[in-house]
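> Residue numbers (the working numbering), protein chains in the order written: chain C, 1258 to 1350; chain B, 2 to 224. Positions of the beta carbon are idealized from the N, C-alpha and C atoms, including for glycine.
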Amino acid sequence: MKNVISRLVDTVLCGAMHALTVLAVAFLVMPLLVVVIVSFNSTTVIFPPRDWSLVSYMQIPRWPSTRSSEASHSASAVQPCRRCSACRRRSPW
Amino acid sequence: MSTTLALSVVTGVVSLLLGYLLAFQVVRRNAVVGRIIFVAAIASLFTSTIARALGWRVLLGFEGPINDAMIAVGLISQPLQLINNFTAVAIGMIHIQVPVVMVGLIPVIEALPRDFERAAIGLGASRWKTFLTVHLPMTWINAVPVGLIAIMATAAYFTTPVLLGGGRVDVIAIQIQQASQVLFDFGYAAALSVMLVVMISAVAILILLLSHWRRSVRARGSS
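(1) Please classify residue 200 of chain B as buried or exposed, where buried requires at least 16 neighbouring CB atoms within 10 angstroms.
(2) Would you mind listing the alpha helix (DSSP H) stretches within the region 70-118 of chain B that are 4+ residues and don't spill past its ends, in chain order?
(3) Going by DSSP, what residue range makes up the alpha helix (DSSP H) through residue 153 of chain B?
(4) I want to see whether chain C comes within less than 8 Å of residue 96 of chain B, judged by CB atoms only; does it?
(5) Check whether the Cβ of residue 1287 of chain C lies closer than 8 Å to any Cβ atom in chain B.
(6) Going by C-alpha distance, which of B:223, B:135, B:21, B:122 is nearest residue 100 of chain B?
(7) On the premise that residue 204 of chain B lies in contact with residue 152 of chain B, defined as a C-beta separation below 8 Å, what is that separation, rounded to the nearest angstrom?
(8) Taking the alpha helix (DSSP H) that residue 36 of chain B falls in, what are its first and last residues?
(9) If you count every other CB in all the chains shown that lies within 10 Å of the CB of residue 198 of chain B, and 16 or more means buried, which is it?
(10) Is the number of C-beta pairs between the region 34-53 of chain B and the region 1280-1294 of chain C that are closer than 8 Å three or more?
(11) Here's a check: name, in chain order, each residue in its chain whose Cβ is nearer than 8 Å to the Cβ of residue 1326 of chain C, leaving out the five neighbours to either side.
(12) Does DSSP put residue 184 of chain B in a helix, a strand or coil?
(13) Is residue 1265 of chain C close to chain B? Criterion is C-beta to C-beta, closer than 8 Å.
(14) Kindly indicate the opening and closing residues of the alpha helix (DSSP H) around residue 27 of chain B.
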């Protein structure tokens, strides 16, 4: 009987240790995965001071032209509408 | 000062426990699992501290995956404040220190001859009992200094408390920065710096004393 209990305790403790190992590895890897995911998809998080997308990092900022009507819309709008080309061209900075 | 000390001790102890567990699994488990754990730890170790802290900011945020998961499971009804507090800073610091402690403990566990383990199992000891009676007594003396090094390293952290504490966790490094660059009170900044050096030196002396004691125990055992 004592032997059975000892074996049971051993199995439970070893199982707990393995589970803790899996959790520890997840703990180490999770923030790295999040950084990678966020860097590819800027819509998942809005974090100052920059737009977190690789595309925005690769783009050279272009300021809207003063001649087009879209430019005035782009300059006056508080939120980019994402429909007109001026808003699409707007720099993430 | 007390916040810094508490953070350092919590980080050191938890990092030592998790680092020991991971190092043990790397050395004693099969090669594939060991390599997966090792690669995960090394990838984390060589990633920028700032990137990791920002990852934790996303994870622990109000609309982060952890709060979302807890709401989805039904544990909570409203998102919890997981960021900008002591726990968040401690999590960030533990995440930095666990791979360091693990890498430090791998040679300690590897140096232990497997014959002892085989002998214990051969004599009828369970795996857990083998760990408690063979591994732990033979490795703790080398493992504790690694934990103390983690405490020393954590005492002067600045980036993680700034990014995960949101100015609410007042560690000594932030106080020094505020005193020297915001208040221009260089005397106060110098006094805080001396306190930090004294604190870290005390831990270093503790490591030296432990090392000296270990050597004397070994000398007594061999004579």
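The structure says:
(1) Along the second sequence, read from residue 1 onward, the residue named residue 200 of chain B stands at position 199. Under this definition residue 200 of chain B is a buried residue.
(2) 87-111
(3) Taking the first residue of the second sequence as 1, we reach residue 153 of chain B at position 152. That run of the alpha helix (DSSP H) goes 137-156.
(4) Here residue 96 of chain B refers to the residue found at position 95 of the second sequence. Closer than 8 Å: yes.
(5) On the first sequence, position 30 is the one that residue 1287 of chain C refers to. Output row for residue 1287 of chain C: interface = yes.
(6) As a first step, residue 100 of chain B must be located in the second sequence, where it is residue number 99. Minimum Cα distance to residue 100 of chain B is reached at B:21.
(7) The count along the second sequence starts at 1 and reaches residue 152 of chain B at position 151. The count along the second sequence starts at 1 and reaches residue 204 of chain B at position 203. The beta carbons of residue 152 of chain B and residue 204 of chain B sit about 6 Å from each other, so the pair counts as a contact at 8 Å.
(8) Here residue 36 of chain B is taken as the residue at index 35 of the second sequence, counted from 1. Here the alpha helix (DSSP H) through residue 36 of chain B covers 32-46.
(9) The count along the second sequence starts at 1 and reaches residue 198 of chain B at position 197. When all chains shown are included, residue 198 of chain B counts as exposed.
(10) yes
(11) Against the first sequence, residue 1326 of chain C aligns to sequence position 69. Low per-residue confidence applies at residue 1326 of chain C: pLDDT is 48, beneath 50, and the placement is therefore not dependable, though the value from the model is reported in the following sentence. Once the five neighbours on either side are set aside, residue 1326 of chain C has no close Cβ partner at all.
(12) Here the question's residue 184 of chain B lines up with position 183 in the second sequence. Coil at residue 184 of chain B, not helix or strand.
(13) Numbered from 1 along the first sequence, position 8 holds the residue referred to as residue 1265 of chain C. Output row for residue 1265 of chain C: interface = no.
(14) On the second sequence, residue 27 of chain B is found 26 positions in, with the first residue counted as 1. Taken as a continuous stretch (DSSP letters only), the alpha helix (DSSP H) holding residue 27 of chain B covers 3-29.
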